[in-house]
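Numbered according to the numbering used here, the sequence shown spans residues 611 to 936. Even for Gly, the Cβ is constructed at its ideal location relative to N, Cα and C. Here the structure is a predicted model, which means the values were calculated and not measured.
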Amino acid sequence: METKRTVVPAAEEILGGYFPVLDHGFVSLIDYMGTDESIEQAARVSYGFGTRKTSQTRGLVRYLRRHRHTTPSEMVELKFHCAMPMFVARQFVRHRTANINEYSARYSLMPLLFYKPDYEDFAIQSASNRQGREGDSAPREIYEDAVRRWEEVRSLSSDTYGWLVEEDVARELARIDLPLSTYTQWYWKIDLHNLFHFLSLRADSHAQWEIQEFARVMAGMMKRVAPLSYEAWLDYEFAGEHMSHGELEALRALIDAGDDGVRARDGASLDVEGLKGTGLSKREALELIEKLRPTERPDFELDLSRMQSPEVFQSRMQAAVPGDFE
Ligand SMILES: Cc1cc2nc3c(=O)[nH]c(=O)nc-3n(C[C@H](O)[C@H](O)[C@H](O)COP(=O)(O)OP(=O)(O)OC[C@H]3O[C@@H](n4cnc5c(N)ncnc54)[C@H](O)[C@@H]3O)c2cc1C
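Encoded structure:
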């Protein structure tokens, strides 16, 4: 039967395909509703939809995003199937506008799969950002000791879980000492407007690296569903910057904007002290310099060679369920 729904060939190509993330996780785009045209359709409500050129759709989508007219993008929805360590899931759930249905460890047995960071990602605590890691990997011997300790804890935790289940203790109790590294999974549905918000925060370099890995794949999927919106999001939000009044004043001290254009003020320059002189704090001054540094516009293109069938992950999860209790 032919569908009357709007479908996008690029999204159809990956629909139901599973992309590995971290050591045991995945993201799959399970379903979507709408695309860039649905945003245009909603924005125009009743005008000549179907007769527009792509360039006109692009112009409108970009105008809407630039001017934060966001409700039309709520007309597009994406539904993902994701598996991630519980500490990553805990960051996902802060995004309250998503609908979630999680694997029930009260009802079902937990696959005993635990996240083990690779050595390259085993960095030391950042001195400047208390929430993050920094620079090179920690010494190799610390990593090896950490792996040994993780394995000890996980083995004890897995044994206890298996034993409790075997003794017919309720699964909701058997699970209580599984570590935060244990993989959980869920269906996660969100509209495009809120997905942008999620991705702006979680694909950003300030987010924990592990959730960035998920966000990057999801951004690649979103790019296939609504490519013009994706482009506008990159330009105006993700790869753009917001400026405070103070920051703009500092820039205005360097650049003169007139009716006919903008020009650099002769010989004008502001070092950190100079920026402070315009009213910015030292931290704001350093952040402004950071914002103005040249950066590459990222691209979240999916690597299709990594796409796998659901069965690959299903059997891996199944094999990690303890014993033969079903
Ligand atoms: C780098 C980073 C570090 C973080 N560190 C911490 C931390 O240390 N501790 C911690 O607890 N959290 C932390 N968070 C989580 C953060 O504070 C937010 O809870 C999370 O990013 C979700 O953002 P949100 O509320 O905007 O998103 P959503 O919940 O998806 O909400 C989207 C938008 O809807 C609106 N909205 C939703 N609910 C309400 C409401 N009840 N009232 C008013 N408006 C609402 C808001 O405009 C909001 O921006 C961190 C997040 C990041 C990205």
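Buried versus exposed call for residue i [16 or more other C-beta atoms within 10 Å across all chains shown]
i    : result
I821 : buried
E730 : exposed
W819 : exposed
E622 : exposed
E823 : buried
E647 : buried
K833 : buried
L790 : exposed
S683 : buried
S839 : buried
H852 : exposed
T681 : exposed
Cα-Cα separation, residue i to residue j
i    : j    : result
Q928 : K726 : 19 Å
L670 : R716 : 48 Å
L736 : E857 : For clarity, residue 736 is Ser in the given sequence; the question names Leu instead. In a straight line, the C-alpha of S736 is about 27 Å away from that of E857.
D940 : R862 : Look at the range of the chain in this structure, 611 to 936, and you will see that residue 940 is not part of it.
L723 : Y771 : 13 Å
D974 : L632 : Here the chain covers residues 611 to 936 and nothing more, so residue 974 does not appear.
A733 : G742 : 9 Å
A817 : D787 : 26 Å
L890 : S665 : 41 Å
E841 : G884 : 36 Å
Pair within 8 Å by beta-carbon distance, residue i and residue j
i    : j    : result
R675 : Y846 : yes
M685 : A652 : yes
V827 : V618 : no
A836 : L802 : yes
K886 : K892 : yes
P904 : Y793 : no
W798 : I710 : yes
P630 : Q924 : no
Where residue i falls: helix, strand or coil (DSSP)
i    : result
E823 : helix
H950 : Here the chain has residues from 611 to 936 only, and residue 950 is not among them.
S747 : strand
E936 : The predicted position of E936 is uncertain, since its pLDDT is 47 and thus under 50; no value can be drawn from it.
T616 : coil
Is it a yes or a no for the segment 703-710 touching the segment 776-791, going by three-plus beta-carbon pairs under 8 Å?
-> Judged by pairs of C-beta atoms under 8 Å, the segment 703-710 does not touch the segment 776-791, as fewer than three such pairs exist.
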